[in-house]
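Reviewing the structure listed below.
Residue numbers (the numbering used here), protein chains in the order written: chain A, 229 to 372; chain B, 26 to 178.
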């Protein structure tokens, strides 16, 4: 397991380690199978075009999974994910890189828990935040 | 041009009516397959040996794995008049990890419905809440989703 991040080490404004995602049409089919979401706009180009879409598009829930990944990577084994939000504002298409990014927004201690709130988002290669979101986590303390 | 409302009394009658429950079994293979599909190599979701040494004592599911689970059929079904659907987003609250061997009972209900004009014409928004309860009667997670439907021009 990777090194554990502790509450004391985290600062507001700190960036979460980003993840590059090169989503392929093959991955969309894998996600359809793994999630059971077989809506054709995610793998059938003609169907997508008949629905006014420019191409097949990424499942919103797959982008939600990407946002989950940056947070679970960041908090490590010792942290706990409490809330995860994702809004699908823009469409993402396969074949171009996208970047999962995040920043620590706020630290607080609530009911004895070390709470960290983060803004997270998926950014396309043009710099547009297609999928803004947020996460609330608790982190372990160095004091134990 | 004023758009006539497509929200009917039948649709409103479905609000807050919980679906039938459906039990979903969590398999280790399904967790690993899901982790592979989302491109997440976290050992907690992929590597039973490494996960056993973690504080969880074994594999756990990635946060959005619950998307692979279904609720039972609606008691009062609500159909959008529009054929095209988009997912607007999800809000998750997590309470307990999901592990292989868990039996998760899923129920869902429509919590609100509204419409407004958008870039694809009149858009109908349906907000649903889905509850995931494990075999110990513990709520492991709640997901609030926004479904958007519209008429392709």
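Where a beta carbon is used, it is the ideal one built from N, C-alpha and C, also for glycine. Everything numeric in this text was worked out from a predicted model, so none of it was measured.
List the residues of chain B whose Cβ lies closer than 9 Å to the Cβ of residue i, in chain order.
i	result
residue 301(A)	65 and 67
residue 249(A)	64
residue 255(A)	62, 63 and 64
Closer than 9 Å by beta-carbon distance: list the chain A residues that pair up with residue i, in chain order.
i	result
residue 119(B)	308, 309, 310, 311 and 312
residue 80(B)	305 and 306
Can you say whether residue i is buried or exposed, counting buried as having 16 or more other CB atoms within 10 angstroms of its CB?
i	result
residue 85(B)	buried
residue 307(A)	buried
residue 100(B)	exposed
residue 315(A)	buried
residue 26(B)	No answer about residue 26(B) holds up, because its pLDDT of 48 lies below 50 and its placement is not dependable.
residue 284(A)	buried
residue 273(A)	exposed
residue 93(B)	buried
residue 241(A)	exposed
residue 102(B)	exposed
residue 44(B)	buried
residue 116(B)	buried
residue 140(B)	buried
residue 264(A)	exposed
residue 54(B)	exposed
residue 105(B)	buried
residue 251(A)	buried
residue 371(A)	exposed
Could you list which residues in chain A have their beta carbon closer than 7 Å to that of residue i, in chain order?
i	result
residue 30(B)	Ordered by position in chain A, no residue passes the 7 Å Cβ test against residue 30(B), which lies about 22 Å from the chain.
Could you name the residues of chain B that residue i contacts, counting a contact when the two beta carbons are closer than 8 Å?
i	result
residue 263(A)	59, 62, 92 and 93
residue 279(A)	109 and 177
residue 316(A)	111, 112, 113 and 114
residue 289(A)	89, 92, 112 and 115
Does the distance from the CB of residue i to the CB of residue j come in under 8 Å?
i	j	result
residue 173(B)	residue 111(B)	yes
residue 150(B)	residue 167(B)	no
residue 369(A)	residue 236(A)	yes
residue 277(A)	residue 64(B)	no
residue 58(B)	residue 260(A)	no
residue 257(A)	residue 271(A)	yes
residue 200(A)	residue 290(A)	Look at the range of chain A in this structure, 229 to 372, and you will see that residue 200(A) is not part of it.
residue 286(A)	residue 363(A)	no
residue 91(B)	residue 123(B)	yes
residue 33(B)	residue 292(A)	no
residue 239(A)	residue 331(A)	no
residue 345(A)	residue 333(A)	yes
residue 83(B)	residue 75(B)	no
From the options, pick the residue whose C-alpha is nearest to that of residue i; which is it?
i	options	result
residue 246(A)	342(A), 325(A) and 236(A)	325(A)
residue 162(B)	88(B), 46(B) and 38(B)	46(B)
residue 152(B)	39(B), 35(B), 34(B) and 33(B)	39(B)
residue 341(A)	357(A), 332(A), 310(A) and 359(A)	310(A)
residue 231(A)	301(A), 371(A), 253(A) and 273(A)	301(A)
residue 48(B)	141(B), 130(B), 119(B) and 36(B)	130(B)
residue 282(A)	288(A), 269(A) and 292(A)	269(A)
residue 280(A)	109(B), 35(B) and 126(B)	109(B)
residue 254(A)	321(A), 304(A), 333(A) and 317(A)	321(A)
residue 128(B)	76(B), 117(B), 68(B) and 96(B)	96(B)
residue 50(B)	164(B), 142(B) and 126(B)	126(B)
residue 81(B)	317(A), 318(A), 275(A) and 304(A)	304(A)
residue 30(B)	165(B), 116(B), 142(B) and 177(B)	142(B)
residue 154(B)	177(B), 41(B) and 78(B)	41(B)
residue 114(B)	288(A), 338(A) and 343(A)	288(A)
residue 148(B)	175(B), 164(B) and 165(B)	175(B)
residue 343(A)	329(A), 367(A), 265(A) and 359(A)	367(A)
residue 87(B)	164(B), 106(B), 66(B) and 74(B)	66(B)
residue 359(A)	297(A), 338(A), 371(A) and 328(A)	328(A)
residue 297(A)	37(B), 73(B), 76(B) and 68(B)	68(B)
List, in order along the chain, the chain B residues whose C-beta lies closer than 7 Å to that of residue i?
i	result
residue 296(A)	87, 88 and 89
residue 292(A)	89 and 115
residue 259(A)	62 and 63
Could you tell me how far apart the beta carbons of residue i and residue j are, in whole angstroms, since I believe they sit closer than 8 Å?
i	j	result
residue 156(B)	residue 132(B)	5 Å
residue 299(A)	residue 233(A)	Not a contact, Cβ separation roughly 11 Å.
residue 121(B)	residue 159(B)	7 Å
residue 323(A)	residue 356(A)	Not confirmed; about 16 Å, so no contact.
List the residues of chain A whose Cβ lies closer than 8 Å to the Cβ of residue i, in chain order.
i	result
residue 145(B)	280
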